[in-house]
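Asks: Residue numbers (the UniProt record's numbering): 1 to 58. Here it is: the structure, laid out below.
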Amino acid sequence: ISPAQANYRLYTEDGPLDSYNPIYSNELSISCISCTEIVPPRTAASPKKYLCKIEGYQ
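See the structure below:
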């Protein structure tokens, strides 16, 4: 059984940002992560912190 995955897209006021790990070659702003990579507690701050880290926005 594979772990659950979540797709995401980061935005600014000007629109979506290109991801460092896009999952589609024709849509560079969509990426995904394994849900097991987000450490507890799984509140809104946890995925936000993790996504900023892997996308280079620390």
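The C-beta atom is built at its ideal place from N, Cα and C for all residues, glycine as well. All values reported here derive from a predicted model rather than from experimental measurement.
1. To which residues of the same chain is leucine 28 closer than 8 Å at the C-beta, ignoring the five residues directly before and after it?
2. If we ignore side chains and look at the alpha-carbon of each, how far apart do serine 34 and asparagine 7 end up?
3. With serine 46 and isoleucine 38 assumed to form a contact (beta carbons below 8 Å), what rounded beta-carbon distance in angstroms separates them?
4. Considering just the uninterrupted stretch of the beta strand (DSSP E) at tyrosine 8, what are its terminal residues?
Replies: According to the data block:
1. Asp18, Ser19, Pro22
2. 9 Å
3. 5 Å
4. 5-8
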